[in-house]
Every structure is written in structure tokens, then in C-alpha cells.
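In our numbering, each residue's number is its place in the sequence shown (first place is 1) plus 829.
Glycine included, C-beta positions come from ideal geometry on N, C-alpha and C.
Reading through the C-alpha cells given below for one structure.
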Amino acid sequence: SDSDYHNDTLVMREGRRFNADDVASGAHVCNLTSQLADKLFKNGPADGQTVEVGGIRCRVIGVYAELKGGLFNSAGGNELLFLPYTTFHQIAPGPVDSLTLYAAPGVSVGQVSDVVYPVLQRLHGPRSLYVTTDNQGQLQAFNSVLSVIAVGLTGIGGVALLVAGIGIMNIMLVSVTERTREIGLRKAIGARRFDVMLQFLLEAILLSFMGGGVGTVLGFLATVAAYSSVEALVGPAPIPYLLIISVSVGFSTLVGCVFGTYPALRAAQMDPIAALRA
830 SDSDYHNDTL VMREGRRFNA DDVASGAHVC NLTSQLADKL FKNGPADGQT VEVGGIRCRV
890 IGVYAELKGG LFNSAGGNEL LFLPYTTFHQ IAPGPVDSLT LYAAPGVSVG QVSDVVYPVL
950 QRLHGPRSLY VTTDNQGQLQ AFNSVLSVIA VGLTGIGGVA LLVAGIGIMN IMLVSVTERT
1010 REIGLRKAIG ARRFDVMLQF LLEAILLSFM GGGVGTVLGF LATVAAYSSV EALVGPAPIP
1070 YLLIISVSVG FSTLVGCVFG TYPALRAAQM DPIAALRA
């Protein structure tokens, strides 16, 4: 295990990471993931405990905080034990048959491959090497596809909002027509145009809120279901509840205001005498 990599990327729950002395001396020490530590030492802290690995007793000097996906998932699970590579060679002496490299921040995988591959080829020969394909290009292509999908979904969402708005406007126009006598009666007893307009505008916004609320709940459930199926691969990610609710409320208000304005104005401009005779 490379101490610099763990120092930069993994957070400790207890104890410490490997240091240069541990690696140089082949110290009989180890780090555990929190999942393995909790499984082995249910009744107390793991730091300072001893575990046997390949016939060598190693002292636990640290436990990593719980992580999902990424390095742990690629290693085959979350219940892992880490040793300095010099200590591992005491358990399993012999040549290293695989090597995993992690690019430093700001360095692309392609740059690392361009430097490392010639060195390994010179040391071991081209037939002794198997280098996995750099998936950075595939990742970029995947991101491009996601961008196209996002644009398409945005367009579909815009059309859906337009259709929903037209539906709300039609419903409110029907409501105005059916309540003509009610509007005339309200105006006859002193209701102002603004009062009538505000009433129908608020009704349109409320109707939009109801549709937006149902859509938000269904969309949220679909998002949670989709994320739970890939959480093991991508790791934990926060779901922006506040943003989802804010966007839903904002668009519901906007649709209700825009498409409820015309029916509200039509109701407000009715002549009370003609409305009572209708």
C-alpha cells in the first residue's frame, strides 16, 4: 500500500495511516476498512488490536472511515485489510504480477500511461505486459451522451410544462364560464376587479401546485430507485432535497401565474349586470 495515496484520499476514523518508516522497515502493522473493523471487533475499538495475516501477527494502527464504491469496490468489496507492500512481500514473496497506478491531481491517465508503459516494456518485454485500456476516452463519450440525454429531457420537460399550462388555462376558462353568475353576484355586492382576478389566479396556482406536487413525488421516487441501483458503483452522493422542492415550487408558481392570467382577467372584466343575466 502506498502511504501517499492513502494520505491524500482516505479519511481515518481512528488511529493513523502508514508512514515512510512502516514501509521502509516492513513493519507488522495494518489498516482496516470500517466494515471489516466493525465485523472483527464489535465490542470495542480496533486500534491497537492484533490480527493474523498469512501467519504474521499484525497490529492494527488505523481504521478508515466508511466509504462506498471507488477503490474499495474495485478491490472486490468493502471488508478490506491494507498492509505496507514490504510487509506483504514477507507473506507472499515473489515478483509482483499486477500494478495499479493512480494519477496525481492535474495529471491525466494518458500522461501516466505514456511514461510508465515504456519503462515496463523495457524491463519485462512487450509480451509480458497486459495493460488495461485507458477508459478516459470512453468516459468522455459517456459524458457526451449524458449531455445529449439531459438536453433531450429538458426539451421534453419544457413541452410537458407547456401542455400542462394550456390544460390549466382551459380548465380555468371553463370554470369562469360555469361561475359567471357567481362572478356577477360578487361584483354586485362590491367585489373589485382585482379581487375577482386574484381569486381565479390563486385557484390556477393551486391547481398547478397540485400537479407539481404529484410530479415531484413521482420524480423523487424514480430518482431514488435509479440511484440505489448504481450506488455501489458510483459511491454515495447527496440528493438535493431543498433544490428539488425549490424548483418544483418555482415552476408550479410560474406556470400557474402565466397560464392563469388570461382566465383571471376575463373573469375580472365581466360586466356584473350581464353576468347576472347569464
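From which residue to which residue does the alpha helix (DSSP H) around residue i run?
i	result
threonine 1082	1070-1097
glutamate 1011	1009-1017
arginine 951	938-953
Compare the beta carbon distance of residue i and residue j with 7 Å and say whether it is the shorter of the two.
i	j	result
valine 858	aspartate 851	yes
methionine 1001	proline 1101	no
glutamine 940	glutamate 908	no
valine 892	alanine 866	yes
glycine 1085	isoleucine 1018	no
isoleucine 885	isoleucine 920	yes
arginine 846	alanine 894	no
serine 1037	isoleucine 997	yes
isoleucine 1012	alanine 1107	no
threonine 916	glycine 844	no
phenylalanine 911	asparagine 872	no
glycine 1041	serine 1004	no
Would you kindly work out how many angstroms separate the C-alpha atoms of residue i and residue j, rounded to a whole number?
i	j	result
arginine 1008	arginine 1021	16 Å
glutamine 878	arginine 888	6 Å
leucine 1094	methionine 1026	6 Å
leucine 1071	glycine 1048	14 Å
lysine 1016	isoleucine 1074	37 Å
proline 913	leucine 1050	44 Å
valine 1076	threonine 1045	9 Å
phenylalanine 870	aspartate 876	10 Å
phenylalanine 1088	valine 936	52 Å
isoleucine 978	valine 938	26 Å
leucine 990	leucine 968	32 Å
serine 973	threonine 1052	21 Å
valine 880	threonine 862	14 Å
glycine 1079	serine 976	24 Å
valine 988	leucine 1083	15 Å
glycine 994	methionine 1039	13 Å
phenylalanine 1029	glycine 984	29 Å
valine 980	alanine 970	15 Å
valine 925	glutamine 950	15 Å
proline 922	leucine 928	15 Å
valine 944	tyrosine 931	13 Å
Consult DSSP for residue i and reduce its assignment to one of helix, strand or coil.
i	result
asparagine 836	Bear in mind that the predicted position of asparagine 836 carries a pLDDT of just 48, short of 50, making it unreliable; the figure below should be weighed with that in mind. Helix, per DSSP.
valine 892	strand
leucine 968	helix
arginine 846	coil
threonine 862	strand
phenylalanine 1029	helix
leucine 910	strand
arginine 1106	helix
arginine 1021	coil
glycine 923	coil
proline 1101	helix
phenylalanine 917	helix
aspartate 876	coil
phenylalanine 870	coil
serine 830	Any reading at serine 830 must be qualified, since the residue scores a pLDDT of 47, below 50, and its modelled position is unreliable; the value itself is stated next. Serine 830: coil per DSSP, three-state reduction.
Starting from residue i, trace the beta strand (DSSP E) both ways and give me its first and last residue.
i	result
threonine 879	879-882
Quick one: what's residue i bridged to in DSSP?
i	result
methionine 841	Tyr893
isoleucine 885	Val882
With 7 Å as the threshold, decide whether the Cβ of residue i is near any Cβ in chain B.
i	result
threonine 1045	Of the protein chains in this structure there is only one, and it is not chain B.
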